[in-house]
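Working notes, beginning with the structure itself.
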Amino acid sequence: MIDFWDFMRRTETGQIIKEEEYDRKVGAAAAEVVEKYGISYTPDDPVPSDDGLADRVFEGAVELFERLGVFVIDTRKVVRFTRDEIMEVLSAAPQHVVYGSGNERVLVPARGVEDSRDPVVFFSAVGTPFPEEDFVKVCMSYAQEPLADTFSGPLITSYRGMPVTSGSPVEVEAGIWNVVKLREAAQFAGRPDIPIHNFMSVAERTDATIAAARPEFGVRDNDGLFTAAIAEMKVDFERLKRIAFLLHTPYVIGGLYGPLMGGYSGGPAATALILVAHFFLGLFAFRAQRHNAFPININQVCNTTREMLWLVSVTGQALAKNTHLVSASNAFMASGPCTEMITYELTAHSLASTVSGWHLNPSAVARNRYPSHATGMEARIHAEVGHVAARAGITRKDASKIVHALLEKYEKQIPNAPKGKSFRECYDIETVRPGDEYLRLWESTKKTLQGMGLDFRLLYDRS
Amino acid sequence: MEVFDRIYEGIVNRDREVIVALSKEIIEKQIDPVQAIEQGFKRGMEKIGDMFADLEIFIPDMITAADIMNEGLAILRPVLKEKSGEMLTGKILLGTIQGDVHEIGKNIVKVLLEGSGFEVIDLGRDVDVLTFIDKYQELRPDIIGVSALMTTTMVNIPRVIENLKSLGIRDEVKVMVGGAPVLPEWAEEIGADGYGDSAREAVKVAKKLIAEKRGSR
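Quick look at the structure:
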């Protein structure tokens with residue numbers, strides 16, 4: 001079986017090619033495979049129930065990965081794999097991962113399509129910039145949530161008055177601060193042992209990440225770290241250095257894949273293939289034990305548009321039906337906290353993901369660009385919908401109807417989505433409790449969703 | 464249909480044969496090549512930018528359109544030599560900031576800028592702050608364009624502007640910034656001259672900055 005060092009050996013073999021040439025090949029090959037496997041986007045059915053389609057997406061992704069391989073930026077070479085090698089790495093991949101220990105131990109199994117087991121929910125502020133003084137409290141707003149199985153934090157761009165510039169000594173210091181403060185937030189949220197699924201969000205460089213990854217700073221065995229592929233289908237030594245380090249540690253290795261719909265791969269069908277192919281990249285290049293997908297609409301910078309929800313659904317189904325990989329769906333919202341729109345976006349994304357076999361990782365908010373615009377409430381909403389959908393046994397067909405109805409409510413607003421309110425406007429900063437306005441808003445949307453078939457009483461009663 | 468409109472259609476439809484034939488026709492019939500570029504090629508690429516903004520087409524289609532345009536321009540080049548000065552919209556140095564390896568957005572901007580007649584010097588990804596400064600001093604472009612995809616790397620962008628100031632050359636060059644996490648108010652705060660919310664917007668801003676620069680001479 002191909003191990004990490006076999007992969008590294010292959011990064012130095014074969015002909016060098018121009019990166020631009022590889023980029024062009026991605027779109028051309030994806031278009032051919034889409035046509036060969038007859039994969040087409042169905043706007044009227046955003047959560048398709050077509051098992052054949054899911055299988056074709058998987059098979060198409062295998063063929064595409066065989067044809068494209070992985071581009072290594074530093075050597076300008078393409079690492080290639082045979083179909084047998086792909087099947088072997090899939091078969092040897094972990095069927096579950098474990099985060100944390102003791103009472104906070106979380107077993108994350110591979111989920112199936114229309115699985116009635118609760119999705120594991122990884123609560124996160126996904127890279128939203130926050131001022132240093134609010135960092136711990138906003139982290140607490142995630143870690144304190146009862147449905148949070150694990151959590152991770154936002155980031156700071158300024159540390160003690162200095163910008164956290166990547167590659168600088170400040171980045172190393174801020175990276176260590178990041179880790180210390182995450183564990184402090186867990187402690188003051190009353191959950192000192194809650195696992196941290198991604199303990200580094202402030203530092204970009206590997207040296208700063210490695211410097212912070214020490215138990216004395218608060219990182220524990222079975223916490224985790226993500227490593228992101230570079231869109232599309234690329235890796236570089238900076239990221240691979242993290243893996244060389246992580247392979248010697250007790251930390252859960254997460255692969256992070258964010259292909260851009262409308263980018264080099266093309267439209268929704270082609271991007272679906274590329275997303276699944278990224279999972280194979282993650283297995284070979286990152287030795288990923290669990291996987292996170294955040295496909296994004298290149299212009300709207302979210303994944304709650306109609307074609308993105310379709311893409312999320314078919315890729316989840318393709319992976320759940322044909323592999324036992326542990327996979328989570330990252331939510332990227334166009335709108336911001338404490339808006340009616342975000343309650344609809346979060347619901348649509350959570351439903352499409354849950355019934356399609358994903359675990360959940362909520363949520364980037366307000367296109368992930370407005371400082372302090374993220375709170376634990378968005379993750380709560382996403383998690384509650386996911387739990388209810390699984391427990392109620394919502395089918396893909398039911399989900400498609402609900403998602404379609406929700407899209408009718410918000411999709412026209414996406415280009416001008418409201419940025420919503422900041423953490424301090426949404427929460428009582430002293431008590432770290434969501435304010436009445438946000439709670440009332442969610443209660444009101446829940447009543448609407450109840451009428452669509454989502455029974456929120458199931459959160460408290462499974463009988 | 465006027466030949467310029469046919470060129471426009473050829474670019475929009477990404478029809479290589481039509482563009483090659485029309486470019487040859489321009490030469491044979493001694494039609495003004497500058498007008499062909501302005502009213503045919505550039506207008507076509509502008510429409511391509513609009514279509515991409517609405518996701519009617521995707522990056523591979525945009526690259527194909529740019530390739531076809533370049534084939535046409537290669538045919539026109541011999542008759543363009545004398546007029547090449549007036550053809551150039553401006554010269555821009557483009558790169559993704561230090562620490563950031565994501566350059567798809569910057570590459571889209573590059574294609575559309577070239578389609579609008581800019582000479583683009585592409586420094587690539589993860590470009591050291593001081594490389595922007597060195598390359599500016601070496602190549603003297605009209606504009607420096609800096610992008611970031613990550614909030615963690617965006618904080619390096621102001622250092623480009625600060626270093627230009629420290630050398631006393633800030634007023635010589637326009638600086639424009641962009642990328643997913645960059646907000647217009649932040650661009651203003653750091654003293655950038657321009658900000659583009661999208662690739663299409665970036666081209667408009669670049670043209671505006673060139674007009675300002677030339678107007679101030």
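Protein chains in written order, with the numbering used here: chain R, 1 to 463; chain G, 464 to 680.
Cβ coordinates follow ideal geometry from the N, Cα and C atoms, glycine included.
(Q) Going by beta-carbon coordinates alone, are VAL252/R and VAL432/R separated by less than 9 Å? (A) No Cβ-Cβ contact shorter than 9 Å links VAL252/R with VAL432/R.
(Q) Taking DSSP's pairing of strands, which residues face ASN198/R in a bridge? (A) Beta-bridge partners assigned by DSSP to ASN198/R: SER152/R.
Q | According to DSSP, residues forming a beta bridge with ARG433/R | A | Partner(s): ASP428/R.
**Q.** Inter-residue CB distance, PRO362/R and ALA331/R (contact presumed, cutoff 8 Å)
**A.** About 4 Å separates the beta carbon of PRO362/R from that of ALA331/R, a gap short enough to meet the 8 Å contact definition.
Q) Nearest to THR343/R by CA position, among TRP442/R, GLN144/R, LEU458/R, ARG391/R, is which residue? A) Ranking TRP442/R, GLN144/R, LEU458/R, ARG391/R by Cα distance to THR343/R puts TRP442/R first.
Q: Verify whether the separation of the beta carbon atoms of ILE531/G and ARG479/G is less than 9 Å.
A: Taking the C-beta atoms as reference points, ARG479/G is found nearer than 9 Å to ILE531/G.
**Q.** Sequence-distant residues of its chain with Cβ nearer than 7 Å to VAL475/G (five each side left out)
**A.** Correct list, in chain order: GLY507, LYS510, ILE511.
Q) Three-state secondary structure (DSSP) at MET377/R? A) The DSSP-derived three-state label of MET377/R is helix.
Q: Please compile the residues from chain G whose C-beta is within a distance smaller than 8 Å of the C-beta of THR304/R.
A: What THR304/R touches in chain G: nothing, since even the nearest Cβ is about 15 Å away.
Q | Below-9 Å beta-carbon distance, GLU21/R vs any chain G residue | A | Not a single CB atom of chain G sits nearer than 9 Å to the CB of GLU21/R.
Q. Considering only the beta carbon of each residue, do ALA348/R and ALA293/R sit closer than 9 Å?
A. No, Cβ-Cβ distance for ALA348/R and ALA293/R is not below 9 Å.
Q.
Residues in the same chain with beta-carbon distance under 7 Å from GLY175/R, minus the five sequence neighbours each way, listed in chain order, please.
A. Excluding sequence neighbours, GLY175/R sits near MET200, VAL202, ALA203, ALA208, THR209, ALA211, ALA212.
**Q.** Selected residue, minimal CA-CA separation from THR559/G, among GLU472/G, ILE607/G, ASP524/G
**A.** The candidate whose alpha carbon is nearest that of THR559/G is ILE607/G.
Q: Express the C-alpha separation of ARG369/R and ALA611/G in angstroms, rounding to a whole number.
A: Between ALA611/G and ARG369/R, the alpha-carbon positions lie close to 12 Å from each other.
Q) Which residues, in chain order, does the region 604–619 of chain G contribute to contact with chain R at a C-beta distance below 7 Å? A) Under the 7 Å Cβ criterion, the region 604–619 of chain G contributes MET613, THR614, THR615, THR616, VAL618, ASN619.
Q.
Within 8 Å, do at least three Cβ pairs link the region 103–112 of chain R to the region 191–200 of chain R?
A. Two segments are said to touch when three or more pairs of C-beta atoms, one from each, lie closer than 8 Å; by this definition the region 191–200 of chain R touches the region 103–112 of chain R.
(Q) Give me the chain R residues within the contact set of VAL574/G, using Cβ-Cβ distance strictly less than 9 Å, ordered along the chain. (A) Near VAL574/G there are no residues of chain R at all, since even the closest Cβ is about 11 Å away, more than 9 Å.
Q: Tell me, please, which residues DSSP counts as bridged to THR304/R.
A: The partner list for THR304/R (beta bridge, DSSP) is empty, contrary to what the question assumes.
**Q.** Cβ distance (whole Å) where ARG622/G is taken to contact VAL592/G below 8 Å
**A.** Rounded, the Cβ-Cβ distance is 5 Å, consistent with contact.
(Q) With a threshold of 8 Å, are at least 3 pairs of Cβ atoms found where one atom belongs to the region 119–139 of chain R and the other to the region 371–378 of chain R? (A) Counting C-beta pairs with one atom in each stretch, the region 119–139 of chain R and the region 371–378 of chain R have three or more that are closer than 8 Å, which means they touch.
Q. For GLY553/G, which three-state DSSP category applies?
A. Of the three classes helix, strand and coil, the one that applies to GLY553/G here is strand, per DSSP.
**Q.** Residue-chain proximity (GLN561/G, chain R), Cβ-Cβ < 9 Å
**A.** Yes, GLN561/G counts as interfacial toward chain R.
Q. Does the Cβ-Cβ distance between SER350/R and PRO418/R come in under 9 Å?
A. Cβ distance not < 9 Å, so SER350/R and PRO418/R don't count as in contact.
Q) Which chain R residues are close to LEU602/G, counting only those with a beta carbon under 7 Å from its beta carbon? A) The contacting residues do not exist; LEU602/G stays about 21 Å from chain R at best.
Q) Do we get a CB-CB distance below 9 Å when we pair ARG622/G with the residues of chain R? A) Closer than 9 Å: yes.
Q.
My assumption, with CB atoms under 8 Å, is that ASP656/G sits in contact with VAL638/G. Please give the rounded CB distance.
A. That belief holds up - the Cβ atoms of ASP656/G and VAL638/G are roughly 5 Å apart, short of 8 Å.
Q | Proximity winner among ILE653/G, GLY553/G, TRP649/G, relative to LYS667/G (alpha-carbon distances) | A | Looking at the Cα atoms, GLY553/G is the closest of the given residues.
**Q.** Proximity test, Cβ basis, 9 Å: LEU586/G and chain R
**A.** No, LEU586/G lies away from the interface with chain R (no Cβ there is under 9 Å from its Cβ).
Q: Over the uninterrupted alpha helix (DSSP H) stretch that includes MET341/R, give me the two end residues.
A: Counting along the chain, the unbroken alpha helix (DSSP H) around MET341/R starts and ends at 340–355.
Q. Hey, is PRO644/G's beta-carbon within less than 9 Å of any beta-carbon in chain B?
A. The displayed structure is made up of protein chains R and G, and chain B is not among them.
Q.
So if I threshold CB-CB distances at 8 Å, which residues from the region 286–302 of chain R count as touching chain G?
A. For the region 286–302 of chain R, the residues whose beta carbon sits under 8 Å from a beta carbon of chain G are, in order, ASN297, ILE298, ASN299, VAL301.
Q) Could you give the C-beta distance for LEU539/G and ILE482/G, rounded to a whole number, given that I count them as a contact under 8 Å? A) With a beta-carbon spacing of about 11 Å, LEU539/G and ILE482/G fall beyond the 8 Å limit used to define contacts.
Q: Quick one: using the 10 Å Cβ neighbour count with 16 as the cut-off for buried, is ILE402/R buried or exposed?
A: Buried is the call here.
Q) Can you pull the DSSP bridge partners for ASP51/R? A) DSSP, once it has assigned bridges, lists no residue as partnering ASP51/R.
Q. Would you say PHE515/G faces chain R, with C-beta separation under 9 Å as the test?
A. PHE515/G counts as touching chain R.
Q) In the DSSP assignment, what are the bridge partners of VAL640/G? A) Residue pairing by DSSP places VAL640/G opposite VAL609/G, TYR658/G in a beta bridge.
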